[in-house]
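Chemist: According to our numbering, numbering within the sequence shown proceeds without interruption in unit steps and concludes at 288.
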Amino acid sequence: MLNIGLIGSVGSISNHVRNLKGVKGIRIIGKSSVGMMEQHEGASLTIPECNRRELVDAAGLLVVDRSSLLDYDLLKSAVKNSSHLYFTDFPDLSPDQCAELLKIAGEAQTVIKIKNPLLVEPLTGWVAANFQEPAYLSLFETLPAIPEKRELLTRHLYYALALFGTFPQKIRVTAIHQPPEESFFFNLRFDYPSSSIYNLEVAVRNDASRTLRAVMPGKFLEGNCISGRAHLNNREITFSSSAEKELASFVSLAGNEDFFLQSDMNAYCSTLSILREVLLKIKSYTSWQ
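1) Can you tell me whether Ser43 is helix, strand or coil according to DSSP?
2) Can you check which of these residues, Val201, Pro133, Asn2 and Gly59, is closest to Tyr191 by C-alpha distance?
3) With a Cβ-Cβ cutoff of 8 angstroms, do Ile6 and Leu74 count as a contact?
4) Expressed to the nearest angstrom, what Euclidean distance is found between the alpha-carbon atoms of Val126 and Ser241?
5) Could you check which residue in Ile25, Asp95 and Asn14 has the C-alpha nearest to that of Val63?
6) Could you compute how far the alpha carbon of Ser43 sits from the alpha carbon of Gln131?
7) Have a look at Gln261, Val277 and Trp287 and flag the residue whose alpha-carbon is nearest the alpha-carbon of Ile111.
8) Between Ile113, Ser32 and Phe183, which has its C-alpha nearest Pro143's C-alpha?
9) Output the boundary residues of the alpha helix (DSSP H) element that contains Asp95.
10) Along the chain, where does the beta strand (DSSP E) that runs through Phe183 open and close?
11) Under 8 angstroms by Cβ, that's how I've got Thr123 and Tyr158 pegged, so tell me the actual separation to the nearest angstrom.
12) Taking the beta carbon of Gly4 as the centre, do at least 16 other beta carbons fall within 10 Å, making it buried, or is it exposed?
13) Are His83 and Ala266 closer than 8 angstroms when you measure CB to CB?
14) According to DSSP, is Ile75 part of a helix, a strand, or is it coil?
15) Anyone know if the C-beta pair for Asn108 and Ser81 falls short of 8 angstroms?
16) Tell me where the beta strand (DSSP E) around Leu151 begins and ends.
17) I'd like to confirm the pairing. Which residues does DSSP put opposite Gly4 in its beta bridges?
18) Return the chain-ordered list of same chain residues with a C-beta closer than 6 angstroms to the C-beta of Leu287, the five sequence neighbours on each side being excluded.
19) Whole angstroms is fine: what's the gap from Arg149's alpha carbon to Asp91's?
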């Protein structure tokens, strides 16, 4: 029986409980939650609230919705204790901390899974499942306010690394502030040795949205990343998200001989290395501070 511990907001914990309901061979032993509970979130009411340290020590697998709730020393302790980890957000780690955790995880045979959100969204998930090079991917994202750099960039860098499996050959950045003060445009472009391109455009507008245009050999896809509605080779189609299935799939593989293949800490460390370079370019060549 695999003991599961849940760490995060009450709402996300309720969702995790529902998503894990059909998984056999597990037991949710406790939660360490923050926030207020809504009436419809009663699914987690019967799970005991635990001291975070005790939960880390007792659980064989931790599902973490807010990585900021695990300080670095506690995170290291979990990895050393062979408590497998599933993060739904991006842990705020330095490249050196990431490398240290990767080394400890290898010694303790601990699997660390960090969710790659664009891999399970409708359109970007389909691209990943059907990826071929050379490829041209262009994403246009609108947000109601100038975004925090780290989360936005990590999301796209992590996805790009999953697709191309290598560092870009060339990185280009542009950021333009226009009057009125809240008007903003940002462009990030990766060029790869295979002649592939990953292009991201971000603009400040009233409504949040994300669209994709992807061109691969024999495939032209264009559509809405959030709704999944798109045109594939001029044929209208709606793609579905696999986000709700990912956690249950990961947990059900625990104990298998090849479970270690689920770990993507190495890819996350590489992502942080690319992020450091991109942030330096943004600081040096743009006004986005």
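For every residue, glycine included, the Cβ atom is placed at its ideal position computed from N, Cα and C.
Modeler: On the basis of the data shown:
1) Legend: pLDDT at Ser43 = 49, less than 50; position of this residue unreliable, no value from coordinates given.
2) Pro133
3) no
4) 13 angstroms
5) Asn14
6) Note on Ser43: pLDDT 49, under 50, position unreliable in the model; the coordinate value appears next. When rounded, the distance between both Cα atoms is 42 angstroms.
7) Gln261
8) Phe183
9) Pro94 to Ala107
10) Ser182 to Asp190
11) 6 angstroms
12) buried
13) no
14) Residue 75 is actually Lys in this sequence, not Ile. DSSP places Lys75 in helix when its eight states are reduced to three.
15) One detail in the question is off: residue 108 reads as Gln in this sequence, not Asn. Yes.
16) That residue, Leu151, is in no beta strand (DSSP E); its alpha helix (DSSP H) goes Lys148 to Phe163.
17) Gly29 and Leu61
18) Sequence check: residue 287 is Trp here, not Leu. These residues qualify, in order along the chain: Ala174 and Ile281.
19) 9 angstroms
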